[in-house]
């Protein structure tokens, strides 16, 4: 089963503090939110264990859809993430590696989008910004093991610019399956490799109904790869050892339940 063309515009590229990651835009009610992994925006202090923003501002690159096709010219935004955090429009999950940022209000009368003042459009492009409507999402308990999945994001750690193999400003799609669930950590295990830059990207589940048809559901956010641990110990001095970590081909995603938690926190602040 193939993804519809507009699905290829779901992932956005995030640039902050000299590094980059992936994210995606969702709609919940009449509000638009950006979702990504916490470690894309934050670095944890090794002493205090506090999470600190990598920078005061972040750039977001998104590809709109024009006449059913993905535009080759992106829209670019600058988010004042420090101000968004201060206004409680940016929320990081207390236990999960997820961040949700309120971006805009969608006018019910005409569908036009009003971005927050702390978000500036620095490059315009024809077409509409693409978002996923959360009414189609699937929570942790409803995710089906062995169903096909797609991950979408910007794995910028692949290859090198000199090799000129991939366009680092265009997203890549990877296909796999739901390999299992970690019920203790409430996370999803994917039989699908991810690499540096994929963090924060979305995971879409294909719910096959026969004859190649099916539904597409947002089920989670890519947060890390599962390493294969290769350890060598000294026979004479067992306390001496060397550990090598390699990409096992499995990865971890956090379910949309975490996203709903953070949306609830942001909306509760609006009502306060």
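In my numbering, the protein residues as written are 28 to 299.
Note that CB positions come from ideal geometry on N, CA and C, so glycine has one too.
By how many angstroms is the C-alpha of residue j removed from the C-alpha of residue i?
i, j, result
"residue 249", "residue 178", "8 angstroms"
"residue 160", "residue 228", "16 angstroms"
"residue 286", "residue 271", "33 angstroms"
"residue 279", "residue 251", "5 angstroms"
"residue 144", "residue 122", "29 angstroms"
"residue 243", "residue 165", "9 angstroms"
"residue 175", "residue 130", "30 angstroms"
"residue 32", "residue 156", "14 angstroms"
"residue 109", "residue 216", "32 angstroms"
"residue 101", "residue 139", "19 angstroms"
"residue 209", "residue 168", "11 angstroms"
"residue 238", "residue 172", "Since pLDDT at residue 238 reaches only 43, below the 50 mark, its modelled position is unreliable, and no value is offered."
"residue 297", "residue 291", "10 angstroms"
"residue 43", "residue 106", "10 angstroms"
"residue 226", "residue 268", "30 angstroms"
"residue 245", "residue 230", "6 angstroms"
"residue 63", "residue 72", "20 angstroms"
"residue 219", "residue 205", "9 angstroms"
"residue 86", "residue 46", "11 angstroms"
"residue 211", "residue 56", "31 angstroms"
Does DSSP classify residue i as helix, strand or coil?
i, result
"residue 51", "strand"
"residue 286", "helix"
"residue 120", "coil"
"residue 45", "coil"
"residue 167", "helix"
"residue 130", "strand"
"residue 237", "Bear in mind that a pLDDT of 48 at residue 237, under 50, signals an unreliable position, so the number given afterwards is only what the model happens to contain. Looking at residue 237 - three-state DSSP - the assignment turns out to be strand."
"residue 83", "coil"
"residue 187", "coil"
"residue 88", "strand"
"residue 271", "strand"
"residue 108", "helix"
"residue 63", "strand"
Give the single residue among the options whose Cα lies nearest to the Cα of residue i.
i, options, result
"residue 58", "67, 69, 65, 141", "141"
"residue 96", "108, 154, 102", "154"
"residue 65", "48, 133, 215", "48"
"residue 186", "147, 224, 293", "224"
"residue 313", "253, 199, 213", "With the chain running from 28 to 299 in the structure shown, residue 313 is simply not present."
"residue 163", "202, 212, 232, 124", "232"
"residue 98", "85, 147, 34", "34"
"residue 77", "119, 51, 62, 54", "119"
"residue 84", "94, 90, 67", "67"
"residue 79", "113, 203, 222", "113"
"residue 91", "115, 158, 190, 124", "158"
Going along the chain, which residues of its own chain have a beta-carbon closer than 7 angstroms to the beta-carbon of residue i, five neighbours each way excluded?
i, result
"residue 111", "117, 128, 145"
"residue 88", "39, 40, 101, 103, 196"
Once you ignore the five residues that flank residue i on each side, which residues in its own chain have a CB closer than 6 angstroms to its CB?
i, result
"residue 195", "183"
"residue 181", "40, 49, 198, 224"
Could one say the Cβ of residue i lies closer than 7 angstroms to chain C's Cβ atoms, at least one of them?
i, result
"residue 204", "Given the protein chain composition of this structure (a single chain), no chain C is represented."
Given residue i, which residues of its chain have a CB within under 8 angstroms of its CB, disregarding the five upstream and five downstream residues?
i, result
"residue 284", "166, 167, 213"
"residue 125", "62, 63, 64, 65, 119, 248, 250, 281, 285, 286, 289"
Next on the checklist: For the structure I just gave you, are there three or more beta carbon pairs, one from the stretch 255-275 and one from the stretch 131-149, closer than 8 angstroms?
Outcome noted: no
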